[in-house]
Amino acid sequence: PTNETKRNETNQKMTKFACCVFDAAGHTNPLLALTSELCERGHHVLFVLASPMMVGAIKKSKAKFTEGPAEEGGSYSFETLWTEEDLARFAGPREDIMKGVIPDTEDQTEDQLSFPNFFLFSWAKGVATMDDYKRIAKSVDAFIADPIMMNPSVVALMEGKPLISTVTFPQFACVPSLIGIEDEEEQRAKMERLERAVQESSDKLRKDFYPGFNFFKNFVSSAGMLPTGLNLCTGVKEFDKDLPALLQRMMGEEAKDSMHYVGPMVLSEEDGHISQAPKSDGTVEGAAEDAFPMDRIEQWKAEGRKVIYASFGTVASNMVWNWEEADSGEWYAPHKCLGARQSGKVYCTHLFTQLMEAFGGTRDVAVVLSSGPHFDECGLEVPENFLVRPSVPQVEVLELVDAFVSHGGANSLFESIAAAVPLLILPHFGDQHANGKMVVDLDIGLYHDDPVAEVTAEVLREDVAKLLDPQIASKFKRKMQRLHESIRSAGGARRAVDLIETYVENFKGHAPAKLDEPVEVLQRCGTGE
Numbered sequence: 158p159t160n161e162t163k164r165n166e167t168n169q170k171m172t173k174f175a176c177c178v179f180d181a182a183g184h185t186n187p188l189l190a191l192t193s194e195l196c197e198r199g200h201h202v203l204f205v206l207a208s209p210m211m212v213g214a215i216k217k218s219k220a221k222f223t224e225g226p227a228e229e230g231g232s233y234s235f236e237t238l239w240t241e242e243d244l245a246r247f248a249g250p251r252e253d254i255m256k257g258v259i260p261d262t263e264d265q266t267e268d269q270l271s272f273p274n275f276f277l278f279s280w281a282k283g284v285a286t287m288d289d290y291k292r293i294a295k296s297v298d299a300f301i302a303d304p305i306m307m308n309p310s311v312v313a314l315m316e317g318k319p320l321i322s323t324v325t326f327p328q329f330a331c332v333p334s335l336i337g338i339e340d341e342e343e344q345r346a347k348m349e350r351l352e353r354a355v356q357e358s359s360d361k362l363r364k365d366f367y368p369g370f371n372f373f374k375n376f377v378s379s380a381g382m383l384p385t386g387l388n389l390c391t392g393v394k395e396f397d398k399d400l401p402a403l404l405q406r407m408m409g410e411e412a413k414d415s416m417h418y419v420g421p422m423v424l425s426e427e428d429g430h431i432s433q434a435p436k437s438d439g440t441v442e443g444a445a446e447d448a449f450p451m452d453r454i455e456q457w458k459a460e461g462r463k464v465i466y467a468s469f470g471t472v473a474s475n476m477v478w479n480w481e482e483a484d485s486g487e488w489y490a491p492h493k494c495l496g497a498r499q500s501g502k503v504y505c506t507h508l509f510t511q512l513m514e515a516f517g518g519t520r521d522v523a524v525v526l527s528s529g530p531h532f533d534e535c536g537l538e539v540p541e542n543f544l545v546r547p548s549v550p551q552v553e554v555l556e557l558v559d560a561f562v563s564h565g566g567a568n569s570l571f572e573s574i575a576a577a578v579p580l581l582i583l584p585h586f587g588d589q590h591a592n593g594k595m596v597v598d599l600d601i602g603l604y605h606d607d608p609v610a611e612v613t614a615e616v617l618r619e620d621v622a623k624l625l626d627p628q629i630a631s632k633f634k635r636k637m638q639r640l641h642e643s644i645r646s647a648g649g650a651r652r653a654v655d656l657i658e659t660y661v662e663n664f665k666g667h668a669p670a671k672l673d674e675p676v677e678v679l680q681r682c683g684t685g686e
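Okay, structure coming up:
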């Protein structure tokens, strides 16, 4: 059916949404489900992309919809913001993508060394494409974006467009730029360091695009939400804790009314769920060509074996496989790498090795390992009771296994709870540490803070034995099932779109942006001097 037919069926006015995609599988997967529901209801989604990375995944998830402009009956279309120069970088080594956009590490100031390169890169590229976002704002009715991104939040505020922020962590309280900092003064000091680190980009934003606009007076970086926006979290209330103090103060008390928990928004592998992150040029490195052998898992189960599933995320196993800063031992390494203590290669190789030492050749346990594309570099011989693949249809596999050894990413956490599979969380960076602590607090699994330092084959055997122990596993499963009921009642993509439609229909505008005072006065006087 065309969009027109769908709108007639639902009696709903068509809205044009700009969906601004953050290039990471864990952030994109929920948006694929959300935008499919929007298309199903006759709305149009314009996907705004900074790289070709997610084009294939988006098209796969929209196979039953028509690509094309809304005016021609299309359900979705693309706005591509990359240049020929960008394409050349995307096709090369991942570490070269930021070259020429931000200073090399040896040329960075102490403030710049205190933040991940992708923060600095996002600011530089964000300001460089600000005109594109302003142009896009004229052709759409509302913005949907991950609050990690700067442009959509700024443009929605300044152009008076509805802003739907999708927090793809389990909790609103997880703010990447403030991870691990509880004290409000320390939080404020970190934002001041970031403001100095991106001063050139920030000055360009306030001088060339929105005179007098100061991002740091209006937003906490990496949490670009507005109290007059619609803020959706893919977690549930049970996962959350209080917002960071600085974010509470910035957004005000009314922010609570804008925040809604909708639970996970998940597609099946068949419908487009991303199980292996593409490269920045859109290609999938080392993708398996043959169908995944589900029958092998079923055979193991028929033999009476317990089956363990292990996956350490698309970022560690691919995107940051070679992460020189993380392995450098320099003072700035944890800041550059969002808490990662080593590269993906060191982290994954250690855990792959310990898993094989712990369970290789055992008769009562079999292991399914989602390795990512670089497994051959580890130099490991695969035991007969291991099934190793670059990517695994995780949602489907979790329905068959008995325990899950995971990095603790948000999607993996939700999917494990949905399948009631007890968890062992071995985090690499970022929110994964907070998610691991949350798993222990909720009493649904186990957690080690520093896996490379703490986890040996013996530790793995002991931990997995606990997860498989009937009494302990039963306790974990009961609590997971209660959480799953809460997740199911949260509503997922359908409830999210219900909220979005109501919000857009009743949108009355945002509060005026906070501007730098001298520029505000000059504008008011109209002197231009």
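In case it helps, our numbering puts the sequence shown at residues 158 to 686.
Even glycine gets a Cβ: it sits at the ideal position worked out from N, Cα and C.
Could you tell me which residues DSSP puts in a beta bridge with residue i?
| i | result |
| --- | --- |
| R323 | Correcting the residue identity first, residue 323 is Thr in this sequence and not Arg. Paired residues: L389. |
| G593 | DSSP lists no partner for G593. |
| V524 | I465 and F543 |
| Y290 | According to DSSP, which records beta bridges pairwise, Y290 is partnered with nothing at all. |
| M416 | N388 |
| L672 | F370 |
| H201 | K173 |
May I ask you to report which of helix, strand or coil DSSP gives residue i?
| i | result |
| --- | --- |
| A302 | strand |
| T185 | helix |
| V616 | helix |
| A207 | coil |
| G213 | helix |
| I574 | helix |
| A445 | A caution first: A445 carries a pLDDT of 48, below 50, which makes its placement in the model too unreliable to give a value. |
| F699 | Missing from the structure shown is residue 699; the chain here goes from 158 to 686 and no further. |
| A653 | helix |
| F561 | strand |
| K170 | coil |
| I644 | helix |
| G602 | strand |
| I130 | Given a span of 158 to 686 for the chain in the structure shown, any question on residue 130 remains unanswerable. |
| H667 | coil |
| Y489 | coil |
| H430 | coil |
| V609 | helix |
| M451 | helix |
| V297 | coil |
| H507 | helix |
| V549 | coil |
| E556 | coil |
| E534 | helix |
Using the Cα positions of residue i and residue j, report the straight-line distance between them to the nearest angstrom.
| i | j | result |
| --- | --- | --- |
| F469 | L508 | 9 Å |
| S322 | I301 | 6 Å |
| G593 | P368 | 43 Å |
| P384 | L351 | 23 Å |
| A445 | D533 | Low confidence applies to A445: its pLDDT is 48, below 50, so where it sits in the model is not reliable enough to give any reading. |
| S437 | E460 | 42 Å |
| R353 | D268 | 7 Å |
| I582 | D607 | 10 Å |
| E481 | L277 | 17 Å |
| V311 | L544 | 47 Å |
| K347 | S334 | 8 Å |
| V526 | V178 | Before going on, a small fix: residue 526 reads as Leu here, not Val. C-alpha separation (whole angstroms): 28 Å. |
| V596 | L617 | 17 Å |
| L672 | V324 | 26 Å |
| P491 | R520 | 40 Å |
| V477 | F275 | 12 Å |
| T286 | A294 | 13 Å |
| D130 | A668 | Outside the shown range of the chain (158 to 686) lies residue 130, about which nothing can therefore be said. |
| Q328 | A380 | 12 Å |
| V661 | R652 | 14 Å |
| A245 | P209 | 12 Å |
| P530 | G317 | 44 Å |
| H590 | E615 | 22 Å |
If you measure from the CB of residue i, is any heavy atom of the ligand MG nearer than 7 Å?
| i | result |
| --- | --- |
| S334 | Among the components modelled here there is no ligand, and therefore nothing to report on the ligand MG. |
Counting only beta-carbon separations shorter than 8 Å, does residue i have a partner in chain D?
| i | result |
| --- | --- |
| V423 | In the structure shown, chain D cannot be found, because there is only a single protein chain. |
Exercise for the section: May I ask you to verify whether the stretch 410-429 touches the stretch 214-221, counting CB pairs closer than 8 Å and requiring at least 3? Expected result: Contact between the stretch 410-429 and the stretch 214-221 is present, because at least three Cβ pairs lie under 8 Å.
Handout entry: Given 8 Å, three or more beta-carbon pairs between the stretch 549-568 and the stretch 447-467
Key = yes
Practice task
Could you say if the stretch 612-629 and the stretch 354-365 meet the contact criterion of at least three C-beta pairs nearer than 8 Å?
Solution key: no
Handout entry: Every unbroken beta strand (DSSP E) inside the stretch 230-285 [3 residues or more]
Key = 233-237
Handout entry: Continuous alpha helix (DSSP H) assignments of at least 4 residues falling wholly in the stretch 311-380
Key = Listed in chain order, they are 341-354, 356-361 and 372-375.
Practice task
Spell out a yes or no on whether the stretch 524-538 and the stretch 564-576 are touching, meaning 3 or more CB-CB pairs, one atom from each, closer than 8 Å.
Solution key: When C-beta atoms of the stretch 524-538 are compared with those of the stretch 564-576, fewer than three pairs fall below 8 Å, so the two segments do not count as touching.
Exercise for the section: Mind the definition here: the stretch 172-187 touches the stretch 288-307 only if three or more C-beta pairs lie below 8 Å; say whether that holds. Expected result: With the cut-off at 8 Å, the stretch 172-187 and the stretch 288-307 touch.
Practice task
Determine, using beta-carbon pairs with one atom in the stretch 184-201 and one in the stretch 404-417, whether at least three such pairs fall under 8 Å.
Solution key: no
Practice task
Inspect the CB distances between the stretch 217-227 and the stretch 250-262 and report whether three or more fall short of 8 Å.
Solution key: no
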